[in-house]
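If you count the sequence shown from 1, position 78 lands on 339 in the numbering used here, and the numbers rise without skipping.
Only one structure is covered here, and it is reproduced in the block below.
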Amino acid sequence: MALFTTAGGHFNPTDETHSKHAGDMPPLYVKEDGTAKYTATLDNMTIDQLKKEELAVIVHANPDNFANIPDRYEANGE
Numbered sequence: 262m263a264l265f266t267t268a269g270g271h272f273n274p275t276d277e278t279h280s281k282h283a284g285d286m287p288p289l290y291v292k293e294d295g296t297a298k299y300t301a302t303l304d305n306m307t308i309d310q311l312k313k314e315e316l317a318v319i320v321h322a323n324p325d326n327f328a329n330i331p332d333r334y335e336a337n338g339e
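See the structure below:
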C-alpha cells in the first residue's frame, strides 16, 4: 500500500469537485536545493471543521494536475 493512502482523501466537508476542496491549498514551490518556505491564508475551512477531523498535510513530489489521483496509485501499491 502506498503510504499516503492511509491519510484518506482531500479534506472536503462540502462535497466539492477536485481543486475546489476545502483542503486544496495553493502550490508549494521548492527551490533547486530542495528547501521551501510556505505561508498561506486559507478562507475555505473553519477551525471548528479542522477540530473534527484527523488531518494530514501531503506534499506531492510532482506538480498536482488538480484532477483525480492517477490509477498508478492503487491501494495495493502496484
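We treat Cβ as the ideally placed atom computed from N, Cα and C, and that holds for glycine.
- A direct Cα-to-Cα measurement between Asn323 and Pro288 gives close to 11 Å.
- A distance below 6 Å between beta-carbons, with the five flanking residues on each side excluded, links Gly284 to the following residues of its chain, in chain order: His271 and Phe272.
- Annotation: Asp325 is outside any alpha helix (DSSP H) and is labelled neither H nor E by DSSP.
- Taking 4 residues as the minimum length, the alpha helix (DSSP H) runs contained wholly in the segment 266 to 317 are 308 to 312, in order along the chain.
- The residues Pro274, in chain order, have a CB closer than 6 Å to that of Gln310 in the same chain once the five nearest residues on each side in sequence are set aside.
- Taking the Cα positions, Ala268 is about 27 Å away from Asp294.
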